[in-house]
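What follows is one structure encoded as structure tokens, with my remarks underneath.
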Amino acid sequence: MTDTPRITLVTGASRGIGRAAALQLAERGDLVIAVARSKAALEKLDDEIRANGSEAVLVPMDLKDTKSIETLGKVIGERFGRLDGLVANAGILGTLGPVETCGPRSFEETIAVNLTSNFHLIRALSPWMHQSEAPRAVFVSSGVARTPRAFWGPYQASKAGLEALVLGWADENENLKLRANLYNPGGTRTGMRAEAMPGEDPMTLPTPEEVAAELVKMVSPEETRSGQLVSYRDLQQTKH
-19 MTDTPRITLV
-9 TGASRGIGRA
1 AALQLAERGD
11 LVIAVARSKA
21 ALEKLDDEIR
31 ANGSEAVLVP
41 MDLKDTKSIE
51 TLGKVIGERF
61 GRLDGLVANA
71 GILGTLGPVE
81 TCGPRSFEET
91 IAVNLTSNFH
101 LIRALSPWMH
111 QSEAPRAVFV
121 SSGVARTPRA
131 FWGPYQASKA
141 GLEALVLGWA
151 DENENLKLRA
161 NLYNPGGTRT
171 GMRAEAMPGE
181 DPMTLPTPEE
191 VAAELVKMVS
201 PEETRSGQLV
211 SYRDLQQTKH
């Protein structure tokens, strides 16, 4: 056994489920590479991680900037020589409403953040993940990816594409050490959920911390599943 910490990258680490996951990973002893657009929010996260006796690497970055993702991969390779975990959590809701009234710019931005950036993350990070003894990746999806409904067009299209991308990547790696899965958190007490469902009572929903606890397990060396869609709701039902 070695005392070397696992190096885990979390996108969308400044709020919601991503922030909760980053804190729990740091508490577990991982060195967290925290990626988000807001530098101020990342610094607040860093303060909390340091207060708990851990450390993080902060990467203020817009995931639509694909060149920055490429650079990030190179820097991780030069600095660490490997990446043990990837929590691809960042996502945007985009425009909710009829597909025919959605502006092209909004549609393209939703696809860029929720789907295209994850393709670039896989390209930039997988060479370093293959250098890990137990590489684990999990990508956050949504129930609407498989059961599309009215007014969620761009968002559910991006998540359906993400699921196909990740499941194909997992299949390509079936004989290697890499394990890649999808996670559907379901409705969670976050700002994004409140934006999507303004009439909903947030107190009826699980907290980001509760949902992140299951997500964090999926980037642990003990995770054996690959090419699976894991649902927080299903996990809770099997516990009762």
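Heads up, the sequence shown stops at 220 in our numbering, and the numbers go up one at a time, no gaps. Think of the CB as a built atom: it goes at the ideal place given N, C-alpha and C, for glycine as much as any other residue. Being a predicted model, the structure only gives us computed values, none of them experimental.
Neighbourhood of residue i by C-beta, 7 Å cutoff - its chain only, sequence neighbours within 5 removed
| i | result |
| --- | --- |
| R213 | G166 |
| S86 | G74, T75, P134 |
| R205 | R159, N161 |
Start-to-end residues for the beta strand (DSSP E) that takes in residue i
| i | result |
| --- | --- |
| F99 | Looking at the DSSP string, F99 is not in any beta strand (DSSP E); the run it does join, the alpha helix (DSSP H), is 97 to 109. |
| V191 | Premise fails: V191 lies in the alpha helix (DSSP H), 188 to 197, not in any beta strand (DSSP E). |
| A117 | 116 to 120 |
Where the alpha helix (DSSP H) through residue i begins and ends
| i | result |
| --- | --- |
| I(-3) | -4 to 8 |
| L66 | L66 -> not in any alpha helix (DSSP H); beta strand (DSSP E) instead, spanning 65 to 68. |
| F87 | 84 to 91 |
| A(-7) | Unbroken run through A(-7): none, as it is neither H nor E. |
| L43 | Taken as a continuous stretch (DSSP letters only), L43 belongs to no alpha helix (DSSP H), as it is neither H nor E. |
| E23 | 19 to 31 |
Inter-residue Cα distance where the pair is residue i and residue j
| i | j | result |
| --- | --- | --- |
| L277 | A1 | Here the chain has residues from -19 to 220 only, and residue 277 is not among them. |
| V118 | E80 | 32 Å |
| H110 | N98 | 17 Å |
| A130 | A160 | 30 Å |
| Q4 | E23 | 17 Å |
| N94 | I(-3) | 15 Å |
| E152 | L142 | 15 Å |
| P201 | G83 | 43 Å |
| P186 | R8 | 21 Å |
| A(-7) | N155 | 31 Å |
| K19 | L63 | 23 Å |
| T96 | E89 | 10 Å |
| T46 | T218 | 40 Å |
C-beta neighbour in chain B for residue i, strict 8 Å
| i | result |
| --- | --- |
| C82 | No chain B appears in the structure shown, which is made up of a single protein chain. |
Coil, strand or helix - residue i by DSSP
| i | result |
| --- | --- |
| R213 | helix |
| L11 | strand |
| N164 | strand |
| P78 | coil |
| P134 | helix |
| L38 | strand |
| A222 | Nothing about residue 222 can be read from this structure; the chain reaches only from -19 to 220. |
| D(-17) | coil |
| A140 | helix |
| R126 | coil |
| R59 | helix |
CB of residue i within 8 Å of CB of residue j, strictly
| i | j | result |
| --- | --- | --- |
| D(-17) | R17 | no |
| V67 | V199 | yes |
| G123 | N69 | no |
| L25 | R(-1) | yes |
| S34 | A6 | yes |
| I102 | S138 | no |
| E203 | K197 | yes |
| L162 | L209 | yes |
| L147 | G207 | yes |
| G65 | L145 | no |
Sequence-distant residues of its chain with Cβ nearer than 8 Å to residue i (five each side left out)
| i | result |
| --- | --- |
| M(-19) | Reliability fails at M(-19), whose pLDDT of 36 lies under 50, so the model's placement of it is uncertain and no value is given. |
| G61 | W108, Q111 |
| K157 | H110, S112, E113, A114, P115 |
Other residues of its chain near residue i: CB distance less than 6 Å, five sequence neighbours each side excluded
| i | result |
| --- | --- |
| Q216 | none |
| L11 | P(-15), I(-13) |
| E50 | A104 |
| L38 | A14, L22, D26 |
Any non-hydrogen atom of the ligand MG within 7 Å of residue i CB
| i | result |
| --- | --- |
| V93 | Here there are no bound small molecules, and the ligand MG is not part of this structure. |
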